Structure formats: structure tokens, C-alpha cells
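Student:
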Amino acid sequence: MSKLRRLGQTDLYVSALGLGTWQYSTNEGKNGTMWESVEAETIYDIIKFSLQNGINWLDTAEIYGNGTSENFIGNTLQRLKKEAALLREPLIASKWFPLARAASSIPKTIDTRLKYLQVPTIDLYQIHQPTSRSSLDKQIEAMVKLAEANKIKQIGVSNFTAKQMIKADLLLKERGMTLASNQVKYNLLHKKPEKNGVLEAAKELGITIIAYSPLQQGLLTGRFHEQPEALAKISRLRKIQSHLNQKTIKRTQPLYAELKKLSLEYGVSVAQISLNWLIHSQGSMVLAIPGASKLKQAQENIGTLEFTLSNAQLKKLSAISDCL
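Numbering of the sequence shown is given in full-length UniProt numbering, commencing with residue 1 and proceeding in unit increments.
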């Protein structure tokens, strides 16, 4: 297993890559329609391979298929335990969805999360976004009470601005805890965290950044540069969210060319180079949660942990992406 990294200032240690499981929503709920359904047996194979080959945590959320993703994780882990196929117990990260809900729903819904995941405790419980009917203070208070009841271990946030993240950390410190993480969109084609103060504040406070959409929903794999016709198979929502179109492919050609060059040099894929940049360009403070709908993709994810780009290569990729 590759060297583990400390999650924020907590006592949890995680692999540089976790397995993102949004794709296991199986078209359930509004949030699950971005992805094609993945067969249960394929999900089992992906999770099994990932956990046996260097990844030690899974990231999910209640909104991923209205609990469908959590259910798949829970069922898969129970099956792996029965088969004695788990080398160690994985860490689980999930999220409470605050939109149009009050903080009172945090304690009301946690038992459902635990039931679906089939675990006594969630290792990292995150506030999925900053918009809620309750103040951040009340949300944090409710989360801390879950920690005191041993239903969760650590607390994180997602999609928070630097100011919101700093406030969440302060509120937690007032209650004897610290903010473990902020999960934000971050990749070579979406570097807002570098410009909006999120990375800077996280570094100063010792908060881990968890990067979602680390491959810009496929654009940083090189697939669409090499096979533009593949765009026709992508859902409309996914195209809109990540600007998956011919114009973007043309604009990002210089970055793809450098990624391809490095992939040939290292004997790895374009996706692996993209992920390697993400988990090393900011030292050890950034983790990434690529998904996988095929076993081959899970194998690629693991391969990312087996090499490290040089500082010069990391900087060159950063410079090229800054010019796009």
C-alpha cells in the first residue's frame, strides 16, 4: 500500500485516492441520472479490487441515488467480510444534504445512513453544500452531537468557500473538534480552489482538500480528444456540468498533448498522469476521489499510486493549464 496521509488534524489516515461512488446511483433520483447504471457484480469487483490494492476509503452521499450508492457499499462490504476478502476495514465518508432542510434532519437521518452502509459509525460525515434552512452554527452543533454519540468520527464540508470553511473550522474548535476536510471540484481544468482562497486557507488551517470530478468527468482521460464521437454517448447534464463539447476539446489540446507525452514516458494512461498531478502538485494536502464504472478504471486508479511525477513535470502541467 502507498503511504497514507493524515486527514486534516484528525487521527484518521487515508490513501491519496479514495473511491468515488456517485456512479453507483443506478439512475435513481435526480442526482443519479448523470451516469449509466452499473451492475451490482461490477460494483462488487471494483470495490473489492480497490480495497485489496491500496485504497482504504470510499466516498458516498445520501443524495447519490437517494441512498442507492450507500446500499451498494454496505451490501458489498458485508459480502467481502463473509468471504474473508477484506484485508482491513475501510473508512467510510458520506454526506448529509442540506438544501431545503434544517439541521434537525441531521440526527433524524443518520440512522438511515448507518443502516444502508451497515456500519456502526461513519468515519467522515460531511455537510454536502453550504445552503441550508439552518445556520451553519446549528448544523455544526448537530454534527458534533453525532460525534459525541459515536455515530460519526470526524466532520467535513463540501463546496464551501474559504470564508465558510474558516467559519466551520472555528465553530468546531469552539466545541473541541477541527474541520477535517473540504470536498471541492478541483482538477487540471478546474483550478478555482487555487484562486479563490480555499487552498490557501486549508493549508494554513491544516484542512485536507478532497477533489471531486478529478478527471473533469472524463475529459482528462484523453478519451474525447482521441475519440470525439464518444461525446454522443454522454448524458446532456454531464456535458453541461463539465463543458464536454468540441470547443472544449479543441481549447484543451495543448494540455492533452503534454499529458499524452508524459503518459508515454511513464508507460501509464493519460488519466493516471492527470490524477498524479492532482495528488502531488500541492504536496500531500489534496486527496482525490475518482470513480469507476468498469474494473479497468479501478485498476487505472490504483496504478496512479505507483509513481510520482517530478516537480518540473508537475509545474509544467500547471503552467499549461493556467494558459487555457
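C-beta atoms are modelled at their ideal positions from N, C-alpha and C, and glycine is treated no differently. Predicted model only: the values in this text are computed from it and were never measured.
#1: Could you tell me the distance, in whole angstroms, from the CA atom of E70 to the CA atom of E62?
#2: Only counting the same chain, and skipping five residues up and downstream in sequence, which positions put a Cβ closer than 8 Å to that of T10?
#3: So, helix, strand or coil for R251, using DSSP?
#4: Could you give the C-beta distance for L7 and L172, rounded to a whole number, given that I count them as a contact under 8 Å?
#5: Could you check which residue in A85, Q129, I302, V14 has the C-alpha nearest to that of A162?
#6: My output table needs one value for V268: the three-state DSSP class, helix, strand or coil.
#7: If you count every other CB in all the chains shown that lies within 10 Å of the CB of Q216, and 16 or more means buried, which is it?
#8: Quick check on the burial criterion: 16 or more other C-beta atoms within 10 angstroms. Buried or exposed for T131?
#9: Between D59 and the rest of its own chain, which residues show a CB-CB distance below 6 Å, the 5 nearest in sequence each way excluded?
#10: Could you check what DSSP says for V119 in three-state terms: helix, strand or coil?
#11: DSSP on D137, reduced to helix/strand/coil?
#12: Quick check: what's the CA-CA separation for A168 versus N187?
#13: Under 6 Å Cβ to Cβ from L99, same chain only, skipping five residues before and after it: list those, please.
#14: For Y116, count neighbouring C-beta atoms within 10 Å of its own C-beta (all shown protein chains included) and say buried if the count is 16 or more, exposed if not.
#15: Identify the residues that DSSP records as bridge partners of Q126: which are they?
Tutor: Looking at the atomic coordinates:
#1: The count along the sequence shown starts at 1 and reaches residue 70 at position 70. The count along the sequence shown starts at 1 and reaches residue 62 at position 62. Roughly 7 Å separates the two Cα atoms.
#2: On the sequence shown, residue 10 is found 10 positions in, with the first residue counted as 1. If we look at T10 and ignore the five residues flanking it on each side, its Cβ neighbours are K153, Q154, T178, A180.
#3: For the purposes of this step, residue 251 is taken as residue 251 along the sequence shown, with counting starting at 1. Reduced to three states, the DSSP call for R251 is helix.
#4: Position 7 of the sequence shown holds residue 7. Position 172 of the sequence shown holds residue 172. Not a contact, Cβ separation roughly 14 Å.
#5: Your numbering for residue 162 matches position 162 in the sequence shown. Of the candidates A85, Q129, I302, V14, the one whose C-alpha sits nearest the C-alpha of A162 is Q129.
#6: For the purposes of this step, residue 268 is taken as residue 268 along the sequence shown, with counting starting at 1. It is coil, neither helix nor strand.
#7: The residue given as residue 216 occupies position 216 in the sequence shown. By the neighbour-count rule (16 or more Cβ atoms within 10 Å), Q216 is buried.
#8: Sequence index remark: in the sequence shown, residue 131 carries index 131 (1-based). It is exposed - the Cβ of T131 has fewer than 16 other Cβ atoms within 10 Å.
#9: Residue numbering aside, residue 59 sits at position 59 when the sequence shown is read from its first letter. Hits under 6 Å: G18, G20, A93, I289.
#10: In the sequence shown, residue 119 corresponds to position 119, counting from 1. Coil at V119, not helix or strand.
#11: In the sequence shown, counting from the first residue as 1, residue 137 sits at position 137. In this structure, D137 counts as helix in the three-state DSSP scheme.
#12: Taking the first residue of the sequence shown as 1, we reach residue 168 at position 168. Taking the first residue of the sequence shown as 1, we reach residue 187 at position 187. C-alpha separation (whole angstroms): 24 Å.
#13: Counting from 1 along the sequence shown, the entry for residue 99 is found at position 99. So the qualifying residues of the chain are T131.
#14: As a first step, residue 116 is located in the sequence shown; it is residue number 116 there, counting from the start. With 16 or more other Cβ atoms within 10 Å, it is buried.
#15: Here residue 126 corresponds to residue number 126 of the sequence shown, with the count starting at 1. Answer is K95, G156.
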